[in-house]
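This report concerns only the one structure given below.
Encoded structure:
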């Protein structure tokens, strides 16, 4: 990792609003399945993660992002958007019978 990469990450660590990565552990799937409640919670976390990555990628010119990190964040953003789309489709395809 280059010095500019280290400086960038230290700046992010010290000055940014962090997404709670701890909630990821609580939302793990079991055998490829998740409860609807966990899907909804995961969608909220994904929204926060996507917003954070977008804000980071649109950093002001005085705080440029090293190219290697920008590429990694761009790939991560694509993965998060894909997962969000899959979860939203799963919810759209789920019909729940409400108890009386």
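Residue numbers (this note's numbering): 19 to 118.
No residue lacks a Cβ here, since even glycine has one placed at the ideal position from N, Cα and C.
Note that this is a predicted model, so its numbers are computed, not measured.
Scanning its chain for C-beta atoms nearer than 8 Å, with the 5 sequence neighbours on each side dropped, one finds around residue 54 the residues 109, 112 and 114, in chain order. Straight across, the Cα-Cα distance linking residue 71 with residue 106 is about 20 Å. Sequence-distant Cβ neighbours of residue 81 in its own chain, meaning closer than 6 Å and more than five residues away, do not exist here. The region 77-97 makes no contact with the region 56-66: fewer than 3 CB pairs, one atom from each, lie closer than 8 Å. Residue environment analysis places residue 24 among the exposed positions, since fewer than 16 neighbouring C-beta atoms fall within 10 angstroms of its C-beta. When the alpha-carbon of residue 64 is set against those of 95, 117, 118 and 28, the nearest one is in 95.
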